[in-house]
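In what follows, a structure is listed as structure tokens, so that the remarks can point back to it.
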Amino acid sequence: VAAEKGEYRHFMQKEIHEQVRSLTDTLAGRVDFDEGRIHLDTLNLTAEKARKIEKIIVTACGTAAHAGMVGKVLIERIAKIPVEVDIASEFRYRDPLVNPNTVVLAISQSGETADTLAAMEEARKKGAMLWSIVNAIGSQAMRLADGCISMQVGPEIGVASTKAFTAPLVDLYMLAVLLGDLRGELSATERKRLVADLSLIPDLAGKCLDREEEVKKVAYALKDTHNALYLGRGINMPIAYEGALKLKEISYIHAEAYPAGEMKHGPIALVDKNMPVIAITPRDPWYDKMISQVEQVKARGGIVVVVATDGDEKARELADYVLWIPETPWLLSPVITVIPLQILAYHIATLRGLDVDQPRNLAKSVTVE
Ligand code: G6P
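Here the sequence shown is numbered in the UniProt record's numbering, starting from 245 and rising by one per residue.
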């Protein structure tokens with residue numbers, strides 16, 4: 245098994261570094277850059293079916309649910325279809341409102357998570373259209389669905405999911421563009437620009453990976469903290485949740501995530517010099533709001549780490565530490581902003597001497613309730 249890790253110490257680190265390849269693979273065969281069109285043939289989607297959809301409910305657990313939260317922003321913005329995100333263990337027991345014009349979209353790396361499969365069965369019983377985004381080929385979540393998008397990232401072994409988080413973000417973006425196109429929501433110019441932006445993603449991910457040593461310095465500064473607060477807004481709000489989840493899973497540091505606008509309703513009370521705040525502030529439509537929230541944290545003596553875009557002088561001035569990302573089209577920014585947070589969690593955990601591939605109490609795939 246050691247050999248399969250190649251030059252890396254852990255599968256998690258190897259899988260983080262595989263993301264240039266895995267993102268390239270998830271685009272392969274699906275994007276026609278000349279015509280500016282998306283092909284997701286295994287979804288069995290027609291224009292007629294696409295026009296029938298009144299609502300999409302994304303259901304998933306853990307990291308996959310965070311991908312779904314980004315998908316909500318993408319599909320609502322690009323395809324103009326209302327989207328709800330429902331944790332699978334909640335959906336399955338709540339007698340959810342679903343009808344034949346509802347799509348229930350399950351996201352699962354393993355395709356075998358018990359709660360996600362039960363949510364799919366509930367959706368089937370209620371007559372919904374049933375789709376999935378799955379990594380493990382031939383798994384239940386792939387077979388149960390009417391249509392499926394395969395993540396195409398290869399096996400993921402590290403318990404903390406990394407490459408199987410960024411791939412579904414790209415899949416959801418492609419799905420949003422396809423739905424927007426089939427429902428006549430996109431002009432040809434918009435559609436072509438959205439498709440062209442996909443070509444940038446593997447290289448931008450690679451630029452983040454090249455900066456591992458800089459992230460490691462920040463990990464060193466944070467390694468002894470007992471708490472951390474992650475803040476984001478809009479399309480990057482779910483990345484705050486995912487960053488916090490990565491940290492707690494493998495470093496056992498208490499980490500909380502909040503939509504930054506909710507700070508004033510409670511979590512700001514926690515901020516002092518012992519509470520590092522990690523704020524996700526790329527150049528997206530929520531940038532100015534995020535910066536003013538970072539100013540409030542700074543005014544209360546908190547240690548501030550920001551994920552910011554190259555050349556952002558404001559972020560550099562305000563923050564104690566910056567995790568720099570290259571400039572990215574904002575609808576795709578979560579694919580890039582999460583990478584330094586994966587690397588940060590990885591190094592904090594290894595500096596604490598922990599086995600990141602086998603974190604205590606956690607399983608890669610939870611096949612029992
Ligand atoms: C477990 C894993 C998580 C994963 C979740 C959902 O809790 O430790 O990393 O996000 O299950 O798994 P799935 O295979 O359905 O994506």
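Beta carbons are placed, not taken as given, at the ideal position from N, Cα and C, and that holds for glycine.
Since the model is a prediction, treat every value here as computed from it, not as a measurement.
Give me, in chain order, the residues of the same chain whose beta-carbon lies closer than 6 Å to that of residue i; leave out the 5 immediate sequence neighbours on both sides.
| i | result |
| --- | --- |
| residue 598 | none |
| residue 308 | 351, 352 |
| residue 298 | 345 |
| residue 426 | 291, 294 |
| residue 363 | 303, 332, 335, 336 |
| residue 572 | 448, 580 |
Consult DSSP for residue i and reduce its assignment to one of helix, strand or coil.
| i | result |
| --- | --- |
| residue 398 | coil |
| residue 505 | helix |
| residue 565 | strand |
| residue 303 | strand |
| residue 352 | strand |
| residue 574 | helix |
| residue 292 | helix |
| residue 454 | coil |
| residue 357 | coil |
| residue 480 | helix |
| residue 245 | Residue placement at residue 245 is flagged as unreliable, the pLDDT there being 47, under the threshold of 50; the coordinate-derived value follows with that caveat. If DSSP states are grouped into helix, strand and coil, residue 245 belongs with coil. |
| residue 315 | helix |
| residue 516 | coil |
| residue 369 | helix |
| residue 598 | coil |
Take residue i and list the residues in its own chain whose beta-carbon comes closer than 7 Å to its own, dropping the five residues that flank it on each side.
| i | result |
| --- | --- |
| residue 525 | 531, 534, 535, 538, 550, 551, 552, 559 |
| residue 314 | 413, 416, 479, 482, 578 |
| residue 519 | 471, 473, 546 |
| residue 616 | Outside the shown range of the chain, which is 245 to 613, sits residue 616, and nothing can be said about it. |
| residue 450 | 264 |
| residue 384 | 355, 356, 361 |
| residue 331 | 305, 309 |
I need the straight-line Cα distance from residue i to residue j, nearest angstrom please.
| i | j | result |
| --- | --- | --- |
| residue 381 | residue 395 | 9 Å |
| residue 372 | residue 253 | 44 Å |
| residue 505 | residue 476 | 8 Å |
| residue 334 | residue 278 | 43 Å |
| residue 488 | residue 410 | 16 Å |
| residue 339 | residue 523 | 36 Å |
| residue 513 | residue 562 | 20 Å |
| residue 408 | residue 601 | 15 Å |
| residue 543 | residue 564 | 13 Å |
| residue 325 | residue 582 | 25 Å |
| residue 245 | residue 401 | Confidence at residue 245 is low in this model, with a pLDDT of 47, below 50, so the placement of that residue is unreliable and no value is reported for it. |
| residue 456 | residue 587 | 7 Å |
| residue 508 | residue 548 | 17 Å |
| residue 327 | residue 304 | 14 Å |
| residue 596 | residue 484 | 22 Å |
| residue 219 | residue 343 | Since the displayed the chain opens at 245 and closes at 613, residue 219 lies outside it and no answer follows. |
| residue 466 | residue 260 | 20 Å |
| residue 574 | residue 272 | 22 Å |
| residue 458 | residue 567 | 8 Å |
| residue 288 | residue 370 | 20 Å |
Taking 7 Å as the cut-off, is the beta-carbon of residue i closer than that to any non-hydrogen atom of ligand 2?
| i | result |
| --- | --- |
| residue 305 | Questions concerning ligand 2 fall outside what the structure shown contains, since the ligands it does hold are ligand 1. |
From the DSSP output, read off the bridge partner residues of residue i.
| i | result |
| --- | --- |
| residue 613 | According to DSSP, which records beta bridges pairwise, residue 613 is partnered with nothing at all. |
| residue 648 | Past the edges of the chain, shown from 245 to 613, lies residue 648, and the structure says nothing about it. |
| residue 549 | 522, 565 |
| residue 376 | 350, 392 |
| residue 282 | 275 |
| residue 425 | None, per the DSSP bridge assignment. |
| residue 328 | 301 |
On the CB-based measure, 16 or more other CB atoms within 10 Å of its CB, does residue i come out buried or exposed?
| i | result |
| --- | --- |
| residue 443 | exposed |
| residue 274 | buried |
| residue 604 | exposed |
| residue 258 | buried |
| residue 528 | buried |
| residue 615 | Residue numbering for the chain in the displayed model covers 245 to 613; residue 615 lies beyond these limits and cannot be assessed. |
| residue 424 | buried |
| residue 464 | exposed |
| residue 454 | exposed |
| residue 379 | buried |
| residue 431 | exposed |
| residue 612 | exposed |
| residue 556 | buried |
| residue 516 | exposed |
| residue 294 | buried |
Residues in the same chain with beta-carbon distance under 8 Å from residue i, minus the five sequence neighbours each way, listed in chain order, please.
| i | result |
| --- | --- |
| residue 492 | 498, 499 |
| residue 270 | 395, 396, 397, 411, 414, 415 |
| residue 368 | 374, 388 |
| residue 511 | 473, 500, 502 |
| residue 607 | 403 |
| residue 570 | 448, 451, 452, 553, 554, 580 |
| residue 319 | 300, 325, 327, 416, 419, 420, 423 |
Any C-beta of chain D sitting closer than 8 Å to the C-beta of residue i?
| i | result |
| --- | --- |
| residue 594 | Given the protein chain composition of this structure (a single chain), no chain D is represented. |
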